[in-house]
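Let me begin by presenting the structure, written as structure tokens, before commenting on it.
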Amino acid sequence: MTQYVERFNALDRVLHWIVAITFFLLLLSGIGLFAHTFFGYFRLFGGPHQGIMVHKWAGIVFFISSVLLFLRHLGETWRFDADDRRWIVKAGGYLSRKKQGIPQGKFNAGQKLFGLFAGLATIVMGLTGYIIWDPTAFTRELTQFSLMLHGAFFTLFMIAMVVHVYLATMGNPGTLEGMLWGHVTKAWAKKHASKWYAKMVKS
Amino acid sequence: MKRKAFLIDTTRCTACRSCQVACKQWNKLTAEDTVNRGSYENPPDLTPQLYNQIHFIEQDRGKDMRWLFINRRCQHCADAGCVKVCPSAGALYHTPDGLVGFNQDKCIECHYCVNGCPFDVPRYDSKQKITKCHACIDRVQNGLLPACVKACPTQTLQFGDRETLIAGAKAAGKKLYGENDLGGLGVLYVLDDEPDTYRLPKNPAIPASIFFWKDVVKPLGILGFWGAVGVAALHYVTVGPKRIEDEPEDKSPKGGE
């Protein structure tokens, strides 16, 4: 008998990695516009004009794929039960080595919050990005406000991404495999998502 | 180096527009087709080919007519919104004299300066590069007056050491606009009425959104990013990862193993 369970199917995985690659393309091609401190990053793309062009195309791909990814997982992420609330109160047991063992569904409360935030941030980035696509197309006040919001949500997204990447790799060994080839070990599933594991076993 | 500045005494202006013409001549800016709008004001606004403009305020007062003129241009702010938002270092910059110059070779066509200026001054030319009054830096560096000041026959436009100009105007009992705004404007006005009459902002300031972006979001964002990286690293070496091997052997509710 196999010791693995399927966590993400091929579509989930491909979508996730399109979102991930375009996210980092957007980060590297946009940070030169965020502040002149980071202007040198445009060199990665051959110059500011090429960088801005990459930013616009990557933005379209990111927006569509990130919204799709958000909608695919929304069924799981939008509901919070009593276990989730306990998880949030105890910060997921990340503050000590003591085992907390709060039963969680397919996504734990932290992952749900990240999923919802990523969806919201994608929509804000998409809307403000549309407004500043041509900085002379809308009124000055709206463009200024959109530039500010685009920058503010960029930094929030970036901070959330540091946490996401850490917890999905070094912080929780065995997690990344689920997004690479789709399977996690049964031991992983029991430890991290016991309610989801019980459901998977039943079906 | 001491700051240089313009002093524009609007009460002396006769709207001859020598300044507009001299500027075009020195900066090799072409003439533009305009239409008659029933006013001597022409063109009606700053354009990529017009770095300074005599703005007409025409007030109909029954039998009387009130005519006010003001020379509009880049205000050469010390705390300049355009310099603040420009992502390309050196595309917009302060000269040692405190004037705001631009370098089209470094302009990346993002238009942020157009939105960052509280006075709606920067314009983009047909090459999609920034243009505006640069205070004839090339002339000033060689000890000459800016072309507009040189041409002004009424001494409406004066140029020189900022402190001296302020002291002179104050000694003559004149009220100045822009002495302290935005770190002190590089264009000081003597006005004959309230600033709104001349369509100048009463308290010019960097737009709130731009301030928030550059002075709040940016430093907090950089701090937040490295803070998150630091917290993650600290977590790894203190609490450590959640390892599956730590799990006691199959004590959990019976699955289908």
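The listed protein sequences derive, respectively, from chains A and B.
Quick note: the first sequence uses this note's numbering, first residue 22, plus one each step.
Quick note: the second sequence uses this note's numbering, first residue -16, plus one each step.
Positions of the beta carbon are idealized from the N, C-alpha and C atoms, including for glycine.
All of these numbers come straight from a predicted model, not from anything done at the bench.
Taking the beta carbon of residue 183 (chain A) as reference, the chain B residues within 8 Å of it are 208, 211, 212, 215, listed in sequence order. Residue-level contact by beta carbon holds for residue 195 (chain B) and chain A, with a gap shorter than 7 Å. The beta carbon of residue 146 (chain A) lies closer than 6 Å to those of 174 in the same chain, with the five residues before and after it left out.
Following the DSSP letters along the chain, one finds residue -13 (chain B) inside the beta strand (DSSP E) bounded by residues -13 to -8. Around the CB of residue 81 (chain A), fewer than 16 other CB atoms lie within 10 Å, so the residue is classed as exposed. At least one C-beta of chain A is nearer than 7 Å to the C-beta of residue 226 (chain B).
The residue among B:-8, B:220, B:12, B:200 with its C-alpha nearest the C-alpha of residue 176 (chain A) is B:200. Using a CB distance cut-off of 7 Å, residue 201 (chain B) counts as an interface residue toward chain A. Residues of chain A whose Cβ lies closer than 7 Å to the Cβ of residue 119 (chain B) do not exist, since the nearest Cβ in that chain is about 26 Å away. The DSSP-derived three-state label of residue 191 (chain A) is coil. A direct Cα-to-Cα measurement between residue 79 (chain B) and residue 156 (chain A) gives close to 30 Å. When secondary structure is reduced to three states using DSSP, residue 87 (chain B) falls in the helix class. The three-state reading of DSSP puts residue 54 (chain B) in strand, counting E and B together. By the Cβ neighbour-count rule, residue 74 (chain B) is buried, with 16 or more other Cβ atoms within 10 Å of its own.
Against chain B, the beta carbon of residue 209 (chain A) has neighbours under 8 Å at 227, listed in chain order. Residue pairing by DSSP places residue 149 (chain B) opposite no residue, since no beta bridge is assigned to it. As for any alpha helix (DSSP H) of minimum length 4 sitting wholly inside the segment 86 to 171 of chain A, the runs are 103 to 110, 130 to 153, ordered along the chain. Those residues of the segment 84 to 96 of chain B placed with their C-beta closer than 9 Å to a C-beta in chain A are 91, 92, 93, 94, 95, ordered along the chain. Around the C-beta of residue 79 (chain A), 16 or more other C-beta atoms lie within 10 Å, and the residue is accordingly described as buried. Distance check between residue 90 (chain B) and each of B:76, B:81, B:102, B:82 places B:76 closest, using alpha-carbon atoms only.
Burial of residue 210 (chain A) is indicated by the presence of at least 16 other C-beta atoms within 10 angstroms of its C-beta. In this chain, the alpha helix (DSSP H) harbouring residue 55 (chain A) covers 31 to 55.
The bridge partners DSSP lists for residue 63 (chain A) come to none. Note that the C-beta distance between residue 25 (chain A) and residue 185 (chain A) is not below 7 Å. Taking the C-beta atoms as reference points, residue 60 (chain A) is found nearer than 7 Å to residue 53 (chain A). Along the segment 104 to 132 of chain A, the positions whose C-beta sits under 8 Å from a C-beta of chain B are 114, 115, 116, 117, 118, 120, read in chain order.
Contact check for residue 192 (chain A) against residue 224 (chain B) passes: the beta carbons are separated by less than 7 Å. Note: residue 107 (chain B) is bridge-paired with B:113 in the DSSP secondary-structure output. By the C-beta criterion, the segment 164 to 171 of chain A is judged to be in contact with the segment 182 to 199 of chain B, since at least 3 inter-stretch pairs fall below 8 Å.
Apart from the 5 residues on each side of it in sequence, residue 89 (chain A) sits with its Cβ closer than 7 Å to the Cβ of 36 in its chain, given in chain order.
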